[in-house]
Amino acid sequence: MHQYLFFIGDFPVRAYGLVLSLSIILATGVGYFLVKKEGHGEEKYLIDLGIYCGIAGLLGARLWDVFFFDWDYYSHHLTELFNVWQGGMAIQGGVFLGVLAGVLYCRHHQLDTVHLMDVLAPAIILGQALGRCANLLNGDAFGAPTGSSFGIVYPSTTLAAHTYGTQPLWPAEIWEGQLDMVIFALLLMFRCTNHAKGQCFALYVMLYSAARFGLEFLRGDYAEKVLAFMTSAQTTSFFAFTIALLIFLYLGWKKTSSVSNT
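Reading the sequence shown from the start, the letters are residues 2 to 263 in the working numbering.
As structure tokens, then:
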């Protein structure tokens, strides 16, 4: 685990920033391939779409964390608002603002927004999976103490070590990245079925929300309960899963009804 790859003078080149940038580039590349395979010529928009969504996703992830999790601290340390290397990027906020930017971009260029959301859902979750590698290298998004010799012991320079010292921690970010790769494969397989438009993106939201809800029981950061028994991320995951499930079922029912009426 190396937080710093090398230094240019006194300026550190961090593994976190490099891997995070790589995750956006690779997700955009996979998205380009998936859209081009559709054969509608929409791939020419993918580079710009990836840039806008990537920037919006980074901004959303940071602001979500600052205002929902750490405002008590950052309200008194505004100069550190964008010190992302200290930890503090909420993926749910990144997905929310990134998708919102994508929707606005598609509407501006009169693209089929829902269709593109379906096609790009696997690319989004792939980017999230690679992003968790960045969290591991930076020592954030860490798990709680395992209470045994099993677990990750983080270097002393990381936020995880500052929080729990040398206690072994659950590999929460590693398992989330692995589950994201499973979701990536499941979404690709689902894309091959005769599904209704919009169902693939709804399934992405459902699967990730379910995975995140379960993994929150192992997380060691932001463990405060919001609704007596759920963390903030679990609360968001619960409502996102419920809404996505209702949309998934409605779209399936609507498709079935339209076929039976023809």
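Even for Gly, the Cβ is constructed at its ideal location relative to N, Cα and C.
Check your understanding: Which first and last residues belong to the beta strand (DSSP E) in which V14 is found?
Key -> Numbered from 1 along the sequence shown, position 13 holds the residue referred to as residue 14. Per DSSP, V14 belongs to the beta strand (DSSP E) from F12 to R15.
**Study point:** Within 7 angstroms, strictly: CB atoms of A28 and W65
**Key:** Translated into positions along the sequence shown, residue 28 becomes position 27. Translated into positions along the sequence shown, residue 65 becomes position 64. No.
Point to revise | 4-residue-minimum alpha helix (DSSP H) runs that sit fully inside the region 97-152, ordered along the chain | key: 114-139
Practice item. Check each candidate in S157, L204 and T167 and name the one with the smallest Cα separation from S150. Key: The residue given as residue 150 occupies position 149 in the sequence shown. For S150, the nearest C-alpha among the options comes from T167.
Point to revise | Cα-Cα separation, A241 to S76 | key: By one-based count along the sequence shown, residue 241 stands at place 240. By one-based count along the sequence shown, residue 76 stands at place 75. The straight-line gap from Cα to Cα measures roughly 28 angstroms.
Point to revise | Per-residue burial, I48 [other beta carbons within 10 Å of its own, 16 or more giving buried] | key: Stepping through the sequence shown from its first residue, residue 48 is reached at position 47. I48 should be labelled exposed.
Exercise for review: Could you check what DSSP says for T232 in three-state terms: helix, strand or coil?
Suggested key: Your numbering for residue 232 matches position 231 in the sequence shown. Strand at T232.
Check your understanding: Rounded to a whole number of angstroms, what is the C-alpha to C-alpha distance between L59 and Y251?
Key -> Taking the first residue of the sequence shown as 1, we reach residue 59 at position 58. Taking the first residue of the sequence shown as 1, we reach residue 251 at position 250. So the two alpha carbons sit approximately 32 angstroms from each other.
**Study point:** CA-to-CA distance, L35 to C54, given in whole angstroms
**Key:** As a first step, residue 54 must be located in the sequence shown, where it is residue number 53. As a first step, residue 35 must be located in the sequence shown, where it is residue number 34. About 17 angstroms.
Point to revise | Residue interval of the alpha helix (DSSP H) (run including F218) | key: Along the sequence shown, one-based indexing puts residue 218 at 217. Neither: F218 is in no alpha helix (DSSP H) and is coded neither H nor E.
Check your understanding: Which partner residues of K226 appear in the DSSP bridge assignment?
Key -> Taking the first residue of the sequence shown as 1, we reach residue 226 at position 225. K226 is bridged to T232.
**Study point:** Inside the region 19-94 only - alpha helix (DSSP H) runs reaching at least 4 residues
**Key:** 47-69 and 72-75
Review point. Between G144 and the rest of its own chain, which residues show a CB-CB distance below 8 angstroms, the 5 nearest in sequence each way excluded?
Key: In the sequence shown, residue 144 corresponds to position 143, counting from 1. Excluding sequence neighbours, G144 sits near G152, I153, L170, W171, P172, A173, E174, L219, R220 and G221.
Point to revise | Coarse secondary structure for Y155, derived from DSSP in three states | key: As a first step, residue 155 must be located in the sequence shown, where it is residue number 154. Of the three classes helix, strand and coil, the one that applies to Y155 here is coil, per DSSP.
**Study point:** Identity of the residues DSSP links to Y5 by a beta bridge
**Key:** Along the sequence shown, one-based indexing puts residue 5 at 4. R15.
**Study point:** Alpha carbon of M182 to alpha carbon of A130, nearest angstrom
**Key:** Within the sequence shown, numbered from 1, the residue matching residue 182 stands at position 181. Within the sequence shown, numbered from 1, the residue matching residue 130 stands at position 129. Their backbone Cα atoms lie some 6 angstroms apart in a straight line.
Check your understanding: How do the region 154-162 and the region 188-197 stand: do at least 3 beta-carbon pairs fall below 8 angstroms, yes or no?
Key -> no
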